[in-house]
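> In the numbering used here, the protein residues as written are 77 to 528. Here it is: the structure, laid out below.
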Amino acid sequence: MNQSLRAVIDTFEKHGYIHNVEIEVDPVFELGAVLLHRGHDEAQLFKNVKGYDIPVLGNLYNDYAKIALGLGVAPENLQKRCLEAIENGIEPELVTAGPVHDVVLEDGPDIKKLLPVPVWFEREQGPYISAGVIVARDPETGKRNVSIARLRVEGGNALLAGIAPTHHLHALLRKAEALGKPLEIAIVIGNHTAVLLASQFYVDLGHDEYEIAGRLLGEPLRLVKCKTIDLEVPAEAEIVLEGVLHSDGMVEEGAVSEFHGFYEHYGPCNRVSIKTVTHRQQPIYQAILPGYAPEHLLVGGAAIGATTCYALKKKMPNVTNVLITEGGMGRVHAIISMHQPKAGEGKRAIMLAMGHTNLLKLVIVVDDDIDPHDWTQVEWALAARMRGDEDIFVIPGVKADRCDPLEKDLMIAKVGIVATRRPDDSLVPDKYIPAKAPDEILAKVKQQLDTY
Numbered sequence: 077m078n079q080s081l082r083a084v085i086d087t088f089e090k091h092g093y094i095h096n097v098e099i100e101v102d103p104v105f106e107l108g109a110v111l112l113h114r115g116h117d118e119a120q121l122f123k124n125v126k127g128y129d130i131p132v133l134g135n136l137y138n139d140y141a142k143i144a145l146g147l148g149v150a151p152e153n154l155q156k157r158c159l160e161a162i163e164n165g166i167e168p169e170l171v172t173a174g175p176v177h178d179v180v181l182e183d184g185p186d187i188k189k190l191l192p193v194p195v196w197f198e199r200e201q202g203p204y205i206s207a208g209v210i211v212a213r214d215p216e217t218g219k220r221n222v223s224i225a226r227l228r229v230e231g232g233n234a235l236l237a238g239i240a241p242t243h244h245l246h247a248l249l250r251k252a253e254a255l256g257k258p259l260e261i262a263i264v265i266g267n268h269t270a271v272l273l274a275s276q277f278y279v280d281l282g283h284d285e286y287e288i289a290g291r292l293l294g295e296p297l298r299l300v301k302c303k304t305i306d307l308e309v310p311a312e313a314e315i316v317l318e319g320v321l322h323s324d325g326m327v328e329e330g331a332v333s334e335f336h337g338f339y340e341h342y343g344p345c346n347r348v349s350i351k352t353v354t355h356r357q358q359p360i361y362q363a364i365l366p367g368y369a370p371e372h373l374l375v376g377g378a379a380i381g382a383t384t385c386y387a388l389k390k391k392m393p394n395v396t397n398v399l400i401t402e403g404g405m406g407r408v409h410a411i412i413s414m415h416q417p418k419a420g421e422g423k424r425a426i427m428l429a430m431g432h433t434n435l436l437k438l439v440i441v442v443d444d445d446i447d448p449h450d451w452t453q454v455e456w457a458l459a460a461r462m463r464g465d466e467d468i469f470v471i472p473g474v475k476a477d478r479c480d481p482l483e484k485d486l487m488i489a490k491v492g493i494v495a496t497r498r499p500d501d502s503l504v505p506d507k508y509i510p511a512k513a514p515d516e517i518l519a520k521v522k523q524q525l526d527t528y
């Protein structure tokens with residue numbers, strides 16, 4: 077199968093999900109403003125970016141259903157495919173050549189002049205690469221790691237990388253520093269859905285995200301060796317920056333946007349030096365509007381939901397789904413679906429979820445007859461099944477993630493809500509029997525509804 081971003085674009089075009097922007101658009105603020113105002117509309121393909129001959133694509137995955145479409149699965153099967161990918165990855169295939177090497181630019185090309193990297197927000201101090209998948213190798217084990225981090229373009233061949241202390245890439249950099257080695261990285265821009273999504277999975281260090289991408293694809297991900305560093309990248313990607321991540325000479329980043337829509341100040345960032353750029357003929361630059369924007373929230377949310385569900389099912393097999401909500405910033409609110417939970421299991425699932433995923437601070441548990449994507453149904457469950465005096469609990473003083481907008485001294489309160497039926501509800505005659513027509517009549521009418 078075609079494993080390129082272009083194949084995804086073709087699929088989306090057939091569904092009417094691509095809007096071509098023909099007029100000239102400035103990559104400084106204007107492009108991001110268009111993506112903001114068209115947050116849930118079609119993907120925007122900017123064909124005339126001021127100062128560049130490379131088009132920019134954004135808002136591609138601004139709905140969970142579109143992520144599923146990119147993988148070729150039904151929306152209701154998205155998390156199932158993700159769980160399969162975590163459990164049984166497919167090893168990638170190394171090939172000798174690929175279109176990502178159509179053009180090779182060596183000797184540290186000027187990234188700002190070459191690529192239409194947008195400047196997103198007024199207080200940020202430069203353009204940010206926001207959909208660049210970073211590939212690195214563990215200097216001790218040789219195993220790959222694939223992730224995303226903030227990448228600010230500085231000038232010439234220099235970038236800054238904003239890496240959280242808990243990030244696997246940070247651990248690899250510390251290992252390389254201890255061994256006195258440079259940490260080579262490849263930044264891959266313009267990826268198939270499977271590669272972009274796999275880069276966001278919360279899996280253990282040493283779990284190769286390329287294998288996850290392979291299972292998401294349904295076949296081995298084809299890789300080529302980089303030209304000047306010892307790494308492998310997707311053969312059908314659009315653009316690759318080959319370089320080195322430095323542990324010394326860190327630079328203050330200043331204000332940077334986060335998923336909650338505000339600025340954060342995280343302090344010094346690591347320098348990156350780019351040696352070589354390779355790209356396809358007439359490449360497409362893929363961007364994700366950062367901050368509180370649908371695509372940014374949902375690509376991360378899909379992966380967080382899947383990895384949290386995977387962890388919970390190991391302990392509680394009757395967990396059927398974990399949805400990370402868009403309104404909860406794609407990071408901090410979750411809805412857990414359970415099949416016939418016993419007394420106390422809802423609260424246990426909440427605590428396990430919060431223990432696994434530190435970002436979570438509000439978790440709601442519902443029965444699996446409730447569609448977690450439909451807030452009206454979730455709210456109905458809160459109204460019909462939650463007993464406020466027993467089913468809501470608050471845990472104060474919990475260690476928080478540094479990017480939570482309400483954290484104080486890295487502490488926050490967390491809230492759990494159980495909105496499920498109770499095992500003894502059936503003992504109350506007629507009280508909880510749904511008022512409806514016979515099932516066979518409902519099914520018949522639904523099947524032939526268009527005839528009415």
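Ideal placement from N, C-alpha and C gives every residue a C-beta, glycine not left out.
Give the secondary structure of residue 409 by DSSP, where H, G and I count as helix, E and B as strand, and everything else as coil.
Here residue 409 sits in strand by DSSP.
> Report the residue ranges of all alpha helix (DSSP H) runs contained in full by the segment 82 to 119; include only those spanning at least 4 residues, in chain order.
If we require 4 residues or more, the alpha helix (DSSP H) runs fully inside the segment 82 to 119 come out as 106 to 113.
> Does the distance from the C-beta atom of residue 474 to that of residue 429 stay below 8 Å?
Cβ distance not < 8 Å, so residue 474 and residue 429 don't count as in contact.
> Identify whether residue 346 lies in helix, strand or coil by the three-state DSSP scheme.
Correct three-state label for residue 346: strand.
> Going straight from the alpha carbon of residue 88 to that of residue 362, what length do you get?
Approximately 15 Å between the Cα atoms of the pair.
> In angstroms, rounded to a whole number, what distance separates the CA positions of residue 80 and residue 265?
Spanning the two alpha carbons is a distance of roughly 11 Å.
> Using 8 Å for Cβ pairs, my map puts residue 317 next to residue 350. What's the rounded Cβ distance?
Yes, residue 317 and residue 350 are in contact; Cβ-Cβ is about 5 Å, under 8 Å.
> Would you list the one or two residues that DSSP bridges to residue 375?
DSSP output for residue 375 lists no bridge partner at all.
> The beta strand (DSSP E) that contains residue 341, what's its start and end?
339 to 341 is the extent of the beta strand (DSSP E) around residue 341.
> Inspect the beta-carbon positions of residue 228 and residue 339 and report whether they are closer than 8 Å.
It is not a contact, given that the beta carbons lie outside the stated cut-off.
> How many Å lie between residue 324 and residue 255 at the Cα?
The straight-line gap from Cα to Cα measures roughly 14 Å.
> From residue 538 to residue 241, what does the alpha carbon distance come to, in whole angstroms?
Nothing can be reported for residue 538, as the shown portion of the chain is limited to 77 through 528.
> Taking the beta strand (DSSP E) that residue 363 falls in, what are its first and last residues?
First-last for residue 363: undefined, no H or E at that position.
> What did DSSP end up calling residue 213 once you bin it into helix, strand or coil?
It is a strand residue.
> Within the continuous alpha helix (DSSP H) that includes residue 163, where are the two ends?
154 to 163 is the span of the alpha helix (DSSP H), which, as asked, contains residue 163.
> Below 8 Å on the Cβ atoms is my contact criterion, and I expect residue 413 with residue 444 to pass it. Report the Cβ-Cβ distance as a whole number of Å.
Indeed, because the Cβ distance is near 5 Å, the residues count as touching under 8 Å.
> At the level of alpha carbons, what is the spacing between residue 184 and residue 446?
The alpha-carbon atoms of residue 184 and residue 446 are separated by roughly 54 Å.
> Can you check which of these residues, 287, 293, 177 and 368, is closest to residue 408 by C-alpha distance?
Considering only alpha carbons, the answer is 368.
> Would you mind working out which of 453, 501 and 181 sits nearest residue 416, comparing C-alpha positions?
Among 453, 501 and 181, the Cα nearest to that of residue 416 is on 501.
> For the candidate residues 507, 86 and 435, whose alpha-carbon lies nearest to that of residue 486?
Out of 507, 86 and 435, 435 has the C-alpha closest to the C-alpha of residue 486.
> Rank 357, 513, 310 and 284 by C-alpha distance to the C-alpha of residue 167 and give the top, closest one.
Here the closest residue by C-alpha is 284.
> Below 8 Å on the Cβ atoms is my contact criterion, and I expect residue 244 with residue 223 to pass it. Report the Cβ-Cβ distance as a whole number of Å.
6 Å between Cβ atoms; contact.
> Determine the burial state of residue 437: buried for a count of at least 16 other Cβ atoms within 10 Å of its Cβ, exposed for fewer.
Classification for residue 437: buried.
> Sorted by chain position, which residues of the same chain lie with C-beta nearer than 7 Å to residue 327's C-beta, five sequence neighbours on each side aside?
So the qualifying residues of the chain are 236, 344, 345 and 347.
> Beta carbon of residue 423, beta carbon of residue 492: below 8 Å?
Cβ distance < 8 Å, so residue 423 and residue 492 count as in contact.
> My parser needs the alpha helix (DSSP H) runs of 4 or more residues fully inside the segment 171 to 221; what are they?
187 to 190, all fully within the segment 171 to 221.
> Which whole-angstrom value describes the C-beta separation of residue 529 and residue 421, a residue pair presumed to lie in contact below a C-beta threshold of 8 Å?
The first residue shown for the chain is 77 and the last is 528, placing residue 529 beyond what the model contains.
> With a CB to CB cut of under 7 Å and the five nearest residues on each side skipped, what residues in its chain are close to residue 405?
Here the set comprises 335, 336, 368 and 373.
> Who are the near neighbours of residue 309 in its chain, counting only those whose CB is closer than 7 Å to its CB and skipping five residues on each side?
Counting only Cβ-Cβ distances below 7 Å, and skipping sequence neighbours, we find 176, 211, 262, 264, 299, 300, 302 and 316.
> Report yes if the CB atom of residue 396 is closer than 8 Å to the CB atom of residue 411, and no otherwise.
Taking 8 Å as the Cβ cut-off, residue 396 and residue 411 do not qualify as a contacting pair.
> For residue 508, I'd like the list of residues in its chain whose CB is within less than 6 Å of its CB, leaving aside the five on either flank, ordered along the chain.
Answer for residue 508: 501, listed in chain order.
> Tell me the DSSP secondary structure of residue 355 in three-state form.
Residue 355: strand per DSSP, three-state reduction.
> Applying the criterion that 16 or more other CB atoms from any shown protein chain within 10 Å of the CB defines a buried residue, is residue 226 buried or exposed?
Classification for residue 226: buried.
> Grab me the residues of residue 480's own chain with a C-beta within less than 6 Å of its C-beta, minus the 5 sequence neighbours each way, in chain order.
The residues are 488.
> Is the beta carbon of residue 448 less than 8 Å from the beta carbon of residue 442?
Cβ atoms of residue 448 and residue 442: closer than 8 Å.
> Can you tell me where the alpha helix (DSSP H) with residue 250 in it begins and where it stops?
Here the alpha helix (DSSP H) through residue 250 covers 244 to 255.
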